[in-house]
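Colleague:
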Ligand code: 5GP
Ligand code: ZN
């Protein structure tokens, strides 16, 4: 069984589950979080399945850097380039979907 058979975000990337697309290119997909924690709350994912940010950093650091630049562009368009970038990593840190995703929180002044 491949990762996409039981991974929620692989299914979203494949279009099998609907999502609200914010950005897409050959390697990367960005969509609105279903339960937003800020005025703009976008999830950015590599199209290829990696369980977490450590795995992505080890196996495809260029894609990790690309995700940061996509986050920057979203924040440039929605809140003069200011944003919070979060990778929850591991169950005890609140990771619930084990396909690496960057949470981009922006669009308004954030609590410290
Ligand atoms: P985590 O807790 O793993 O860091 O973040 C998972 C995120 O995915 C949560 O913020 C949650 O709201 C979001 N999420 C869960 N299921 C769906 C879904 O079906 N569609 C979208 N757009 N977001 C989802
Ligand atoms: Zn996946």
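Residue numbers (UniProt numbering): 1 to 112.
Note that beta-carbon positions come from the ideal geometry of N, C-alpha and C, so glycine has one too.
Just so we're clear, the structure is a prediction, and the values are computed from it rather than from any experiment.
#1: With burial defined as no fewer than 16 other Cβ atoms inside 10 Å of the residue's Cβ, what is the status of residue 61: buried or exposed?
#2: Please state if the CB of residue 31 and the CB of residue 22 are separated by a distance shorter than 8 Å.
#3: Start and end of the beta strand (DSSP E) containing residue 31?
#4: Any chance you could list the alpha helix (DSSP H) runs of at least 4 consecutive residues sitting entirely within the UniProt domain "HIT" (8 to 112), in chain order?
Modeller: A quick look at the data gives this:
#1: exposed
#2: yes
#3: 28 to 32
#4: 8 to 13, 53 to 59 and 61 to 78
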